[in-house]
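Number of protein chains: 2
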Amino acid sequence: MPETPIPGQPQLQPTADHGVASTRVEQVMRDIRQRIEGRSLCAGKRLPSIRAQAEALGVARSTVVDAYARLVAEGVIESRPGSGFYVGRQLTPFSVAEVQPGMAPQSDPVWVTRQSLLADAASLKPGCGWLPETWMPEQDIRRALRTLSRRALAPLTGYGTPQGSPQLRQLLSHRLAERGVKAAPAQLMLTESGTQAVDLLCRFLLQPGDTVLVDDPCYFSFQAMLRAHRAEVVSVPYTPQGPDLVALAQCLAQHRPRLYLTNAALHNPTGASLSLEVAHQVLVLAAQHELTIIEDDVFADFEHHPAPRLAALDGLQRVVYVGSFSKTLSASVRVGHIATRADWISQLVDLKLATAFESGHFSAELLHTLLAGGTYQRHMNGLRARLADAMGLTIERLQRLGIQPWHRPQAGMFLWCRLPDGVDAADLSQRALLQHRMVLAPGNAFSLSQSAGSFMRFNAAQCLDPAIGRALGALLA
Amino acid sequence: MPETPIPGQPQLQPTADHGVASTRVEQVMRDIRQRIEGRSLCAGKRLPSIRAQAEALGVARSTVVDAYARLVAEGVIESRPGSGFYVGRQLTPFSVAEVQPGMAPQSDPVWVTRQSLLADAASLKPGCGWLPETWMPEQDIRRALRTLSRRALAPLTGYGTPQGSPQLRQLLSHRLAERGVKAAPAQLMLTESGTQAVDLLCRFLLQPGDTVLVDDPCYFSFQAMLRAHRAEVVSVPYTPQGPDLVALAQCLAQHRPRLYLTNAALHNPTGASLSLEVAHQVLVLAAQHELTIIEDDVFADFEHHPAPRLAALDGLQRVVYVGSFSKTLSASVRVGHIATRADWISQLVDLKLATAFESGHFSAELLHTLLAGGTYQRHMNGLRARLADAMGLTIERLQRLGIQPWHRPQAGMFLWCRLPDGVDAADLSQRALLQHRMVLAPGNAFSLSQSAGSFMRFNAAQCLDPAIGRALGALLA
C-alpha cells in the first residue's frame, strides 16, 4: 500500500513494526467508515483533528495520519488545507451492522436473525427466536384459507381502511381488556407486523439524535432498529422483576431519554416479567422524567396468568402498546397492532399511509377468522402446555451441562442462561455454527453494554432434539 | 384568551382589530407547531428572534410576541431570559400532514389517499389511485388460495429467507429482462410492498437534511414519505417526454440533490413515459452530479409496449429499480421488490430485518403461483384492453365538460387534465366530496411548487359511472 502524503501535514516515517501499525491504521479506517455509514458522521461534517482522534482512539498520531490519508485517497473523506478533514459527499449507504473493531461478529445485533433465517430444516437452532414450524397451527390456517377463498366479501384484491379492519380491532380491544389494557377500537391501528409497529412508533416519537432507553439485555433487533432511527441508545440492567430501579432513576436523570423500549411480560431474552411494584415505580419515574414508553407485548399469549402491563396501569397515557401474532400463529401471514392515545391515531395513520400505505388487509381477515372462531384459543391452550413441558426438560438438560438458568420464566420459550465459567458465548456460537451447523444466540448480541459474554439465550421449543445436547456437550468439553 | 406577559419582553397593548390579530397569532402558532412536528425545528433549538420571525412571516412584532407567549404557556416552547425562545423538550409526535396556513386541506399529500380509502362502495372515486375491485382477478386469487391450502410445503406458518423466495426472485428476474432490466435473482430483494421498498431505499440512501429531487407533478405520497425521512425536497417540471432537461440541469447544479425519485414509465399522475433521448440525458446528468435514482415502476404491467427504463440503460449502477403487483393483481396480498447493485443487497437485507423483519412470505408464494401458471398474464391482457377502452371514453366525456387532457397516455389508468379556465381544483374537490360524496385528486396534491391548481388527475377505470359526468357537470356549472 503506497503512502499518500497529506497536503499541509508532515509526512511521517513508516514505523518499524509495520505489520501491527498497518492493522491499527485499518482499525481506525474501519471505525471512521462505520461512523459514516451509521450517520454518526454526516456528509460534510468535520472530522476530529489528528491529535484529538489519536487521543480518543488511543493510537499514535502517525496511525491517524495514515488512516486519514488512505480515506482521502478512497474519496471517503476530503482534506481542506488549513481547515481539516471532512466527510466526503460520496454516497455511503446506511448500514445497521455495528460490529466494532475487536467485537465478535456474533455480537452484531443482526447476526442471530440472519443465521436463524438462513438455516435449513436440518440445522439445529436452539438460539432461534421463534417456534418450530411444526408447533404452529398449520391445519387451522389451511382451513381458514379455504373458508376465505369461498367467502363472498373476502378482502382479496382491494385496499382496506387506513386504520385497519374494524371487526378485528373490535376483537383485539376485547382481548386487551382481558389483560387489563383498556383500548377502544378507535385507539387501535393495525400494522404489517409487530416489528413494523415499533418502527412506526419510533418514527412518530423520535428525532435523530434523541436518546432511547433499552433493557440490558434486550431484544437485539431493538438496537439495530434504533440505529436506523439515528437514536443514541442507553441501557439499564434487567432483573427478574424488571429494570433495576436504582439504575433506571440514575439513567433518566443523567441521559434524559425520550423513550423506553421494552417488553413488560416474558421479556426477550430473559423470560422475566415485571412485578406489580416495579411496574408502578417505572411509571412514577417515567412521569417525573417525561418518558414515553413502548411496551412490546408480542409474547403475551404465551402467559398462563397475565403479569402486570405498564399500559394497563398507565391507561395508555404515556405507554404505547404493541402486539402481534407472529410468534404464536403464523410468521408468514402477519398482522401487528398498536394501542395508544386516541388523539395520536390520526397522525399515526397518516404516517403509515406515507411510509407503508395500507397494511395486510388479507392477513387481518385471516386472523379475524381464526380468532373469532375460537381456533386460536384452542391452539394456544395446547401450545402453553407443550411449552411448559419443553421448558422443564430443557432446564434439566442444560443444567446437566453446567449451563444455569439466570431465572426460571413463568412461561414462554426463552431461557436466559449463564455458561460454565470461562466459556465465551460468542466463541461457542461461532464454533457451533462451523462444526455443528447449530445456531446459538450469544449474550452480547442482546447487551448494549457488552456485559453478557458468558450468557446465552435458549429457546426451549427448539431445544428438544437430543443432538443439541450432544453438540453442546462436545463444544463445552 | 388571557394575555401572558413574557419575561424580559415589553407587554404589548391589544390591537384594536382584535379578531384579525387573534387569527394571525393562531396562524403563527400553527406554523411553529407544524415546524416542530415536522422536525424542521428540533427539541432544544433556538427559535428566530421576534423581529426576524415577524419579518419572515410578514406580520407585526406584537403578533409574534403573542404567539410565542401562548406557546410558552402551552409548554411547546421555552423562554430563556436574555437568550431567546427555544423549542421545548415536551414530546411532539411527528406529523406527515403539511398543510400550510392558507393552503387548501385538499393539497395535503395524504388527503387523496385518506379520502379514497375511507370512501364506501357507493362513493364515486374518479380521483382514486387504483382500479375498481371488480377489475381485479378475484376468482384467480380464490383458486390460488385453495391451491396453497392443499400444497404440502406451503409457507403458512414460518418465516421466509431474508432476501425473499428464491423461486419468485428467479421469475421476477426473467420478467425484468423482458423490459431490458438485467438483474440476477441475487440482485433482487422482496419487500412487503412497493411503498415499503421505496421507504427502505430512502432509509438506505438518505441522511436527514439530504436534498431529494422529485417531478412536478409527482405521486403525492413521495412528498409525504420524504418528509418522514426529513429530506429537503426540490422539484423540476415534468413534460410529456420526462423531466424538463434544462430545469433538471439547473436544479442539479444549484441544489446538488443526492437522490431522484421518479416513475419512468406511465408516470403518476401524468401518465407520460420517458422518451429514449430524455432517459439517456437524465443518466448523463446523473453521472455528472453523482445522483442516485429510484425508478418506481409499479405501473409497468399496464404498458402495451415497454418504454425505455432508466434501470435498463444504466445497468443498475446508479438506478435502483422498484416493482410491485398491488396495482394490477391485489392490494390485499402485497409483494414488492427491489433490483439493485449486487453489493448493496446484503446491507439492504439487514436494514429490512431491523425495521420490518421478514416480508410477506405467504404473499410471495401466492404471487408465484399466479405468475408461474400464466394466470396473471391472461388477466393483464384483458385488463390492458379494458383500460384502453375506458381511457378513450373518459377523454371524450371529460372533453365535453371542457376538461382537457394535458397529454394522451399510451396506457395505464391515469389522465392528467386541465380544468376549464377559472376553476380551482382544490375548491372543486372539496365541493365534490361534500355535495356528491365524490373523491377527486386535485393537482396541487401532486405539486411541490403548488403550480397545478387548475389540474386534476382522473383514473379512467374509476370514471365509467355516468353519475361522475353528471356530478362534474353540476359542479362546473
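Protein sequence lines, in the order shown, are assigned to chains L and B. First residue of the first sequence? That's 1 in the numbering used here, and the numbers climb one at a time after it. First residue of the second sequence? That's 478 in the numbering used here, and the numbers climb one at a time after it. Where is the CB? At the ideal position from N, CA and C, for every residue including glycine. What you are looking at is a predicted structure, and each value in this text was computed from that prediction instead of being measured.
> Is the CB-CB distance between Phe571 of chain B and Asn745 of chain B below 8 Å?
Replying inline: Taking 8 Å as the Cβ cut-off, Phe571 of chain B and Asn745 of chain B do not qualify as a contacting pair.
> Going by beta carbon distance, what residues of the same chain come within less than 6 Å of Phe699 of chain B, once the five residues before and after it are set aside?
Replying inline: So the qualifying residues of the chain are Val691, Leu738.
>> Taking 8 Å as the threshold (C-beta atoms), are Cys728 of chain B and Val711 of chain B in contact?
In response: With contacts defined as CB atoms closer than 8 Å, Val711 of chain B and Cys728 of chain B qualify as a contacting pair.
> Any beta-carbon of chain L closer than 8 Å to the one on Phe571 of chain B?
Replying inline: With 8 Å as the cut-off, Phe571 of chain B counts as an interface residue toward chain L.
> Along chain L, which residues have their Cβ under 7 Å away from the Cβ of Pro785 of chain B?
Replying inline: Taking a Cβ-Cβ cut-off of 7 Å, Pro785 of chain B has no neighbours in chain L, whose nearest Cβ is about 24 Å from it.
>> Using 8 Å as the threshold, is the C-beta distance between Gly490 of chain L and Val423 of chain L below it?
In response: No information on residue 490 of chain L is available, as it lies outside the stretch 1 to 477 that chain L covers here.
> Name the DSSP bridge partner or partners of Trp416 of chain L?
Replying inline: Trp416 of chain L is bridged to L:Arg457.
> Relative to the alpha-carbon of Glu669 of chain B, which residue among L:Gly382, L:Ile395, L:Phe362, L:Ala154 has its alpha-carbon at the smallest distance?
Replying inline: For Glu669 of chain B, the nearest C-alpha among the options comes from L:Phe362.
>> Can you give me the C-alpha to C-alpha distance between Gln530 of chain B and Leu259 of chain L, rounded to a whole angstrom?
In response: A straight-line Cα-Cα distance of about 32 Å links Gln530 of chain B and Leu259 of chain L.
> Excluding the five sequence neighbours on either side, which residues of its own chain have a C-beta within less than 6 Å of the C-beta of Pro614 of chain B, listed in chain order?
Replying inline: Only His856 meet the Cβ criterion.
> If we count the other Cβ atoms within 10 Å of its Cβ and call it buried at 16 or more, is Pro308 of chain L buried or exposed?
Replying inline: Counting Cβ neighbours within 10 Å, Pro308 of chain L comes out buried, since at least 16 surround it.
> Alpha carbon to alpha carbon, how far is His913 of chain B from Gly946 of chain B?
Replying inline: Roughly 11 Å between the two C-alpha positions.
> Residues of chain B with a CB under 9 Å from the CB of Met136 of chain L: which are they?
Replying inline: By Cβ distance, chain B contributes Leu633, Thr634, Gly635.
>> Would Asp617 of chain B and Thr852 of chain B be called neighbours here (beta carbons separated by less than 8 Å)?
In response: Yes, the Cβ-Cβ distance between Asp617 of chain B and Thr852 of chain B is below 8 Å.
> Who does Tyr493 of chain L pair with in a DSSP beta bridge?
Replying inline: Outside the modelled stretch of chain L, which goes from 1 to 477, sits residue 493 of chain L, for which no answer is possible.
> Mind listing which residues of the segment 615-631 of chain B have their C-beta closer than 7 Å to chain L's C-betas, in chain order?
Replying inline: Cβ proximity to chain L below 7 Å picks out Glu615, Ile618, Arg619, Leu622, Arg623, Leu625, Ser626 from the segment 615-631 of chain B.
> So, is Lys182 of chain L buried or exposed, given that buried needs 16 or more other C-beta atoms within 10 angstroms?
Replying inline: Result: exposed.
> With a CB to CB cut of under 6 Å and the five nearest residues on each side skipped, what residues in its chain are close to Ala441 of chain L?
Replying inline: If the five residues before and after Ala441 of chain L are omitted, its C-beta is found closer than 6 Å to the C-beta atoms of Val112, Gly127, Arg457, all from its own chain and listed in chain order.
> Of all the residues that make up the segment 673-699 of chain B, which are near chain L by a beta-carbon distance shorter than 7 Å?
Replying inline: So the close ones are Gln673, Asp676, Arg680, Phe681, Leu682, Gln684, Pro685, Ser698.
> Taking the DSSP output, what are the residues bridged to Ala441 of chain L?
Replying inline: According to DSSP, which records beta bridges pairwise, Ala441 of chain L is partnered with L:Arg457.
> When DSSP labels each residue in this structure, what does Asp898 of chain B get in the three-state scheme?
Replying inline: Asp898 of chain B carries a coil assignment under DSSP once its states are collapsed to helix, strand and coil.
> At a CB-CB cut-off below 9 Å, which residues of chain B make contact with Cys251 of chain L?
Replying inline: Within chain B, not a single residue places a beta-carbon under 9 Å from that of Cys251 of chain L; the smallest gap is close to 16 Å.
> When DSSP labels each residue in this structure, what does Met225 of chain L get in the three-state scheme?
Replying inline: Here Met225 of chain L carries a helix assignment [DSSP, helix/strand/coil].
>> According to DSSP, simplified to helix, strand and coil, what is Gln907 of chain B?
In response: Look at Gln907 of chain B here: in three-state DSSP terms it is helix.
>> Among B:Ser560, B:Ala929, B:Ala674, B:Val797, whose alpha-carbon lies nearest the alpha-carbon of Lys829 of chain B?
In response: Its Cα nearest to that of Lys829 of chain B, the residue B:Ala674 stands out among B:Ser560, B:Ala929, B:Ala674, B:Val797.
> If we ignore side chains and look at the alpha-carbon of each, how far apart do Pro257 of chain L and Leu433 of chain L end up?
Replying inline: Taking the straight line from one Cα to the other gives about 37 Å.
> Do you know how far the Cα of Arg400 of chain L is from the Cα of Pro466 of chain L?
Replying inline: Rounded to the nearest whole angstrom, the C-alpha separation of Pro466 of chain L and Arg400 of chain L is 13 Å.
> Residues in the segment 338-354 of chain L with C-beta within 7 Å of chain B's C-beta atoms, listed in sequence order?
Replying inline: The segment 338-354 of chain L vs chain B, Cβ under 7 Å: Trp344, Gln347, Asp350, Leu351, Leu353, Ala354.
> What does Met702 of chain B touch in chain L if you count any residue whose Cβ is under 8 Å from its own?
Replying inline: Near Met702 of chain B (Cβ distances below 8 Å), the residues of chain L are Ala354, Thr355.
> What's the gap between the Cα of Gln167 of chain L and the Cα of Thr292 of chain L?
Replying inline: The alpha-carbon atoms of Gln167 of chain L and Thr292 of chain L are separated by roughly 29 Å.
> Within this structure, are the beta carbons of Phe776 of chain B and Ala742 of chain B separated by less than 8 Å?
Replying inline: In this structure, Phe776 of chain B places its C-beta atom within 8 Å of the C-beta atom of Ala742 of chain B.
> Is the beta carbon of Ala364 of chain L sitting closer than 8 Å to the one on Gly635 of chain B?
Replying inline: With respect to Gly635 of chain B, Ala364 of chain L sits apart: the two C-beta atoms are not nearer than 8 Å.
> Are the C-beta atoms of Val810 of chain B and some chain L residue less than 8 Å apart?
Replying inline: Look at Val810 of chain B: its C-beta is under 8 Å from a C-beta on chain L.
> Quick one: what does DSSP say Thr846 of chain B is sitting in, helix, strand or coil?
Replying inline: DSSP places Thr846 of chain B in helix when its eight states are reduced to three.
>> Less than 8 Å between C-beta atoms, sequence neighbours within five positions excluded: which residues of the same chain meet that for Glu532 of chain B?
In response: If we look at Glu532 of chain B and ignore the five residues flanking it on each side, it has no Cβ neighbours.
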